[in-house]
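Q:
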Amino acid sequence: MFAYYLELALRSLKRSPGLTILMVLSIGFGVAASMTTYSVFRAVSGDPIPWKSSQLFVPQIDMWGPTGRGDDGEPPVAMDYTDAMKLMRDHRAKLQSAMYQVSPSIVPADASKHPINVSGHAVYSEFFPMLDVPFKYGNGWSADDDEQRAAVVVISSKLNEKLFGGANSVGKTVNVEGKDYRVVGVTNDWNPQPRFYDVVNSGGFSTGLDDVFLPFERAIALSIPNDGNTNCNAIPAESGFVGLQHSSCVWIAYMAELDDAATASTYKAYLDGYAHQQQQSGRFAWAPNNRLRNLPDWLDSQHVVPSDTKVSLLVALGLLIVCLVNTAGLLLAKFLRRSSEIGVRRALGAQRLSIYAQFLTEAGMIGLAGGVLGLLLTGVGVASVGWVLPKDIAALARVDLMLLAMTLLIAVVATLLAGLYPTFRAARVQPAWQLKSN
Amino acid sequence: MDILPILSTLRRHKITAWLLILEIALTCAIVCNAVFLISQRLERMNLPSGIAEHELVQVQLANIGNRSDAEARAKTDLAALRQIPGVTQVALVFQMPFTDGGSSNSGIKLDPQQQEDTVDVTQYMGENLLSTLGTRLVAGRDFRPDEFVDLDAAVTALHSGNLKGLPQVLVITQMLAERLWPGQSALGKQIYLGQGLPFRVVGVVAHLARPNRLSKGVEYSTVWPISMNVAQGASFLIRCAPQERERVLKSALAALKQLDPNRVVLQKRTYDEARHAFFANDRAMTGILVGVCLALLIVTALGIVGLASFWVAQRRRTIGVRRALGATRANILQYFQTENFLLATIGIVIGMALAFGINLFLMQHYELPRLPAIYFPVGAIALWVIGQLAVLGPALRAAAVPPVVATRSV
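First to last, the protein sequences are chains C and B. Sequential numbering of the first sequence, starting at 1, is according to my numbering. Sequential numbering of the second sequence, starting at 439, is according to my numbering.
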């Protein structure tokens with residue numbers, strides 16, 4: 001029977017090619033526009049570390065008090081040196097790392113090559129296992145290296161390509177800011193988007209990747225300056241990088257791994273206990289106002305998904321709805337035009353159900369055709385977002401099987417939905433009335 | 439034109455008519471809001487910076503490791519850049535209007551006793567900044583060479599509370615002057631920073647936009663007599679004739695490299711490129727919205743064409759009868775045009791309410807301003823025009839139906 005309905009549908013579509021093309025175009029455009037913006041939205045709202053994001057937490061300590069809070073009563077989004085070091089020393093989480101952004105110069109061994117400026121982070125050894133950083137060669141450094149302030153470095157595969165031609169460089173030497181460092185690890189194309197471990201400095205997305213990771217305490221000891229944001233509530237009492245460390249200015253990002261809700265609440269209690277103790281000792285003149293958010297909540301609170309992207313997704317959804325209303329109207333017109341044909345079929349014994357089947361098949365075919373057109377247009381759309389969107393975001397949008405399947409599915413399901421009422425009307429056609437009037 | 443027969447016909451096609459109305463209403467609501475969003479972006483992208491945008495190039499360098507001779511090096515660098523033919527002005531500055539990255543901002547007070555800051559302003563610094571940027575002074579004067587203080591010295595003076603080591607004067611924008619002292623001359627007035635440190639206004643410039651944080655007041659800018667060097671994060675700003683920029687940029691890089699090959703180039707670009715990059719997001723959003731609006735209008739127009747064609751085909755006989763009974767072609771044409779106008783009007787009325795609702799939603803969730811009233815009549819006219827254009831084809835076909843159709847049975 002289905003084959004027969006297909007043939008009927010084809011014949012009917014061929015009879016009014018103009019109307020058919022209109023419907024297919026309308027669905028194709030609507031679906032393509034929504035899927036293109038959705039691909040961008042999906043890219044920016046994706047979970048950068050889905051297998052573990054609920055175990056990664058960002059603590060915030062209110063070291064500024066009421067005058068430094070925003071309108072929403074939130075404490076600063078980064079940490080000052082004093083508190084970050086206290087948390088590192090107490091070491092209450094399973095894994096944790098304080099970090100700050102650096103931008104050192106690398107001097108190639110080959111004197112004929114120019115020095116290059118790279119970006120990176122000063123981190124603790126637990127940074128690598130905590131974030132499951134993939135290594136091409138070697139590994140992160142040890143807790144011992146942290147303490148010894150060892151001259152070790154982890155570099156990106158891109159920098160490894162540039163400096164060592166991509167060969168295994170573990171054990172070799174790199175000159176960072178005029179000092180020699182031993183390479184202990186080479187990351188394997190690790191460039192998570194959003195840059196979740198330091199959202200405050202990257203704003204979430206960044207085209208450049210981190211090329212070097214240095215031991216935190218060594219970077220501090222060598223006064224490798226902070227390249228990220230520094231926010232101050234009061235003018236530091238001393239100048240320079242050391243003054244920054246003694247000040248209440250915030251410039252350090254912090255992340256901790258906590259296995260479950262119970263450990264998380266214990267850790268939160270520890271943070272509050274610490275703030276309370278600071279209050280008693282007179283450093284804080286206010287009650288504890290700390291936060292401990294897991295990664296998805298943290299990204300949300302930092303508005304990592306640009307509101308522009310959300311608005312354009314809404315607009316595209318609006319377009320899809322208009323396209324569907326449009327299709328519903330056209331289908332209704334098309335089906336009702338064939339009242340006499342339906343009358344004849346019904347008079348010859350076709351059941352209401354068969355009429356439903358016939359017309360829904362026709363709607364489904366239009367949906368499928370619209371979906372195929374939508375696929376092509378989505379491909380074109382995603383390929384050309386780089387044209388309008390900033391590169392760091394456009395680069396993330398891509399077509400995959402999931403997106404293709406969704407495009408087709410949405411097109412067919414949406415058209416079937418749009419076809420429901422017209423089919424209902426068609427099935428209600430009274431055979432006697434139709435036959436008589438002709 | 440008689441509306442009643444049209445209404446009675448529409449009553450027999452209720453659902454189809456409502457679908458068309460719904461489509462027009464949604465299109466109207468979405469397009470009104472989208473066009474408003476577009477206009478907001480365009481306004482942002484066209485903000486005046488107040489500087490000689492097409493005459494500037496920027497070179498930013500970074501030293502490798504710490505150096506002690508930064509100040510002396512800055513003097514030699516600047517002298518070398520001035521030697522390049524075509525260069526009219528050179529400065530070492532920390533920031534430029536409409537650029538991302540670091541910016542120096544501070545709250546200022548009008549009264550040293552004040553608890554809260556009056557406004558948040560951006561702080562421009564760098565020797566020879568005003569004439570290099572090309573901002574126009576409207577009152578007062580530029581800084582004298584003896585008023586300049588090195589940044590490090592100023593910071594040290596700030597920490598030790600030594601007022602003598604700090605700059606004494608500043609230049610502000612007209613917009614800021616108007617905000618602080620409405621209707622008065624700002625020259626000679628005092629502002630206070632931090633714990634009541636006083637500074638005197640000696641000049642007012644016409645326009646000078648902030649680097650970023652535009653929501654805190656685009657032109658709330660101040661200029662300070664503080665000199666900076668490469669190690670402190672300043673970049674070279676070079677002014678030359680627009681057509682010379684490429685050449686000057688190349689010569690500047692060569693000259694700087696020759697003076698000290700042991701430096702890394704962080705940034706080399708014309709100011710136009712910098713501004714272009716800053717507004718990339720806004721341009722992208724505008725592009726997407728324009729695309730979606732066009733698609734919406736086209737789809738709606740096609741929908742009207744489709745339904746109108748259907749109605750014309752369905753009513754061929756009725757049209758024939760009307761023609762046989764003496765209706766002119768113009769009558770038939772008018773009938774379909776009026777019908778479309780009626781539907782469009784109902785759609786627009788609903789669409790306006792919807793547009794208002796969407797705007798309220800966006801205001802709540804995305805901090806957008808209220809939709810100005812002008813969008814309603816303009817949106818209405820646009821949809822009426824589109825409706826009439828779309829219905830014209832089918833209506834003409836209806837008008838062409840010959841009276842003889844009435845006499846044929848099927």
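Don't be surprised by glycine CBs; every beta carbon is placed ideally from N, CA and C.
To the nearest angstrom, how far is the alpha carbon of A782(B) from that of Y562(B)?
A: Taking the Cα positions, A782(B) is about 54 Å away from Y562(B).
Q: With a CB to CB cut of under 6 Å and the five nearest residues on each side skipped, what residues in its chain are close to T537(B)?
A: Within the same chain, T537(B) has close Cβ partners P649, A712 and F716.
Q: Find the residues of chain C that neighbour F748(B), judging by a C-beta separation of less than 7 Å, and give them in chain order.
A: Correct list: A333 and R337.
Q: Taking beta-carbon pairs under 8 Å, can you tell me which members of the region 282-311 of chain C lie near chain B?
A: Here the close residues are P306, S307, D308, K310 and V311.
Q: Got a sec, what are the start and stop residues for the beta strand (DSSP E) S97(C) sits in?
A: L95 to V102
Q: Name the DSSP beta bridge partners of T611(B), please?
A: V643(B)
Q: On the CB-based measure, 16 or more other CB atoms within 10 Å of its CB, does V823(B) come out buried or exposed?
A: exposed
Q: DSSP three-state label for T437(B), please.
A: In the structure as shown, chain B starts at 439 and stops at 848, and residue 437(B) therefore has no counterpart that could be examined.
Q: Rounding to the nearest angstrom, what Cα-Cα distance links R352(C) and A427(C) in this structure?
A: 6 Å
Q: Taking 8 Å as the cut-off, decide whether the C-beta atoms of D868(B) and L589(B) are in contact.
A: Limits of chain B in this structure are 439 at one end and 848 at the other, which puts residue 868(B) out of reach.
Q: In the DSSP assignment, the alpha helix (DSSP H) including R15(C) goes from what residue to what residue?
A: Run containing R15(C): F2 to R15, per the alpha helix (DSSP H) assignment.
Q: Pull out every residue of the region 236-248 of chain C whose Cβ sits closer than 9 Å to any Cβ of chain B, in chain order.
A: P236, A237, E238, S239, G240 and G243
Q: Starting from the C-beta of M365(C), find all residues in its chain whose C-beta is less than 8 Å away, skip the five residues before and the five after it, and write them out in chain order.
A: L6, A9, L10 and L13
Q: Please compile the residues from chain C whose C-beta is within a distance smaller than 8 Å of the C-beta of E461(B).
A: Residues of chain C passing the Cβ test: V322, V325, N326 and G329.
Q: Using the DSSP secondary-structure output, state which residues sit across from A500(B) in a beta bridge.
A: Looking at the DSSP assignment, A500(B) forms a beta bridge with V702(B).
Q: Please report how far the alpha carbon of L734(B) lies from the alpha carbon of R755(B), in whole angstroms.
A: 34 Å
Q: By the DSSP assignment, the beta strand (DSSP E) with Q802(B) in it spans what residues?
A: Run containing Q802(B): none in the beta strand (DSSP E); it sits in the alpha helix (DSSP H), R767 to Y804.
Q: Nearest-angstrom Cα distance between K602(B) and I610(B)?
A: 21 Å
Q: Between D584(B), K695(B), V656(B) and G634(B), which has its C-alpha nearest L614(B)'s C-alpha?
A: When only C-alpha atoms are compared, the closest one is V656(B).
Q: Could you check which residue in L19(C), V107(C) and E126(C) has the C-alpha nearest to that of R92(C)?
A: E126(C)
Q: Can you say whether T361(C) is buried or exposed, counting buried as having 16 or more other CB atoms within 10 angstroms of its CB?
A: Classification of T361(C): buried, given that the 10 Å Cβ count is 16 or more.
Q: Identify each residue in the region 625-659 of chain B for which the Cβ-Cβ distance to at least one residue of chain C is less than 7 Å, and report them in chain order.
A: G632
Q: To the nearest angstrom, report how far apart A32(C) and L792(B) are at their CA atoms.
A: 25 Å
Q: Nearest chain C C-beta to A696(B) closer than 8 Å, yes or no?
A: Checking the sequence shown, residue 696(B) turns out to be Gln, not Ala. Q696(B) has a beta carbon lying at 8 Å or more from every beta carbon in chain C.
Q: What is the rounded straight-line gap between the Cα of N188(C) and the Cα of P134(C)?
A: 5 Å
Q: What are the residues of the region 92-124 of chain C that lie near chain B, defined by any Cβ-Cβ distance shorter than 8 Å?
A: S103, S105, V107, H114, P115, I116 and N117
Q: Does the region 746-764 of chain B come within contact of the region 32-50 of chain C, defined as at least 3 CB pairs closer than 8 Å?
A: no
Q: Run through chain C and tell me which residues come within less than 7 Å of Q561(B), C-beta to C-beta.
A: In chain order: nothing, as chain C lies at least about 13 Å away.
Q: At 4 residues or longer, and completely inside the region 138-215 of chain C: list those alpha helix (DSSP H) runs for me, N to C.
A: 143-148, 157-164 and 199-202
Q: Pick from D297(C), A383(C), P129(C) and K162(C): whose alpha carbon is nearest that of G46(C)?
A: D297(C)
Q: How about H597(B): is its C-beta nearer than 8 Å to some C-beta of chain C?
A: yes
Q: Tell me the DSSP secondary structure of R808(B) in three-state form.
A: Correct three-state label for R808(B): coil.
Q: Please tell me whether V44(C) has its Cβ less than 8 Å away from any Cβ of chain B.
A: So, not an interface residue.
Q: Quick test of your reading: K268(C) and L292(C), contact by CB under 8 Å. State the CB separation rounded to the nearest angstrom.
A: 5 Å
Q: Where does the unbroken beta strand (DSSP E) through P59(C) begin, and where does it stop?
A: L56 to Q60
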